[in-house]
Structure formats: C-alpha cells, structure tokens
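Visitor:
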Amino acid sequence: MVLDKKTIAMASGPNYAALTTLFKDGSPQTHIMWVDTDGEYLLINTEIHRAKYLNTTNDQRVNVMIWKHDDTFKFVEVRGKVIGEIKGEEAFDNIQALSNKYWNKPYPFPVQTERIVLKIEAEREYYFNNAGRQMQVLGESVFSRYKELLGKNGC
C-alpha cells in the first residue's frame with residue numbers, strides 16, 4: 215500500500231509519533247519516537263538492543279500514530295508491519311538527519327549497540343482533524359451573521 219500524501223506530509227514534518235509494538239505475550243509497548251518516510255514506508259530509527267526493536271523481530275505488526283506538532287488533535291494512525299530494515303551508515307545518517315529535523319543539531323548521544331531503521335508498510339491509515347470544533351466555529355459565525363442581518367432588516 216502506498217502511503218497517502220497526508221501521511222507523508224505528517225511523517226516528513228517535525229511531528230512526533232507513538233510507536234506501539236507487541237511483546238511475546240501479546241501485551242503492547244508504546245514509545246514516543248521521531249518518524250521519517252521515504253515516500254513509500256514509514257521509517258523509525260532505534261537501536262538493536264531496545265525492546266521495541268526486539269519486539270518487531272517476534273511480531274512485525276506495529277501501530278504508529280503521528281500528531282501535528284502545533285495541533286495535537288490533527289493526527290494520522292497507521293497500522294502496518296515492519297517489512298525491512300536499514301542498517302549501517304545509512305541508519306546512522308538517518309538518525310543525524312532526524313536530529314537536525316527535530317533539534318536543529320547533530321545527534322548528541324553515543325550509539326550503544328547499532329542503529330537500525332525499521333521500514334513500516336502501511337496496511338491501514340486513519341486521519342483525525344478535529345473537524346467538529348471547526349464546524350462549531352463555522353456555525354457560530356453563520357448564526358452571528360444571520361442575527362446581524364435580521365437586525366439590519368428590522369425583524
């Protein structure tokens with residue numbers, strides 16, 4: 215499944231993501247993560263000793279929720295699976311690019327084991343845009359204008 219352009223925009227911007235993976239017993243684990251995309255897959259950078267990576271070696275199913283950095287009620291939820299990994303220099307270059315995207319500086323922490331990028335293929339994408347509040351504001355605006363017009367007509 216090709217990523218929707220809204221998902222690509224969210225993953226390309228300085229927006230954080232919640233990555234949920236599953237332990238062997240099926241219980242979930244969720245971490246706040248930096249997120250990236252190559253236009254086809256979501257990309258999550260981690261290290262090979264971390265539980266989130268180890269979980270994906272047992273069960274490739276993941277859930278990624280990305281929210282807009284300036285409006286947390288605008289988000290995309292992606293259900294998918296890890297279909298590949300990027301290792302070595304390319305994974306290290308990716309964490310540097312992410313650090314520049316989020317912090318505007320090089321990645322400051324030492325690598326403890328090995329950086330790895332999880333390639334996540336989307337199976338389903340859901341969007342939430344808080345349209346309810348936008349509709350309420352529109353309704354209030356129209357009603358206010360309506361009252362104003364009634365007053366001008368002497369009604």
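Heads up, this note's numbering is the position in the sequence shown plus 214, with the first residue counted as 1.
Glycine is no exception: its CB is placed at the ideal position from the N, C-alpha and C atoms.
Less than 8 Å between the C-beta atoms of Thr260 and Val296, yes or no?
Guide: Taking 8 Å as the Cβ cut-off, Thr260 and Val296 do not qualify as a contacting pair.
Visitor: Would a C-beta distance cut-off of 8 Å place Gly298 and Lys333 closer than the cut-off?
Guide: Result yes, Cβ atoms of Gly298 and Lys333 sit closer than 8 Å.
Visitor: Go through its chain and collect everything with a Cβ distance to Trp248's Cβ below 6 Å, but skip five positions before and after it.
Guide: Hits under 6 Å: Leu312 and Tyr316.
Visitor: Find out if the Cβ-Cβ distance for the pair Ile280, Val331 is shorter than 8 Å.
Guide: no
Visitor: In terms of residue numbering, what span does the beta strand (DSSP E) encompassing Ile300 cover?
Guide: Asp285 to Ile300
Visitor: Mind checking Asn229: buried by the 16 CB within 10 Å criterion, or exposed?
Guide: buried
Visitor: With a threshold of 16 other CB atoms inside 10 Å of the CB of Gly353, please say whether the residue is buried or exposed.
Guide: exposed
Visitor: Roughly how many angstroms separate the alpha carbons of Gly368 and Phe287, rounded to a whole number?
Guide: Residue placement at Gly368 is poorly supported in this model, since its pLDDT is 48, which falls under 50; the coordinates are not used for a value here.
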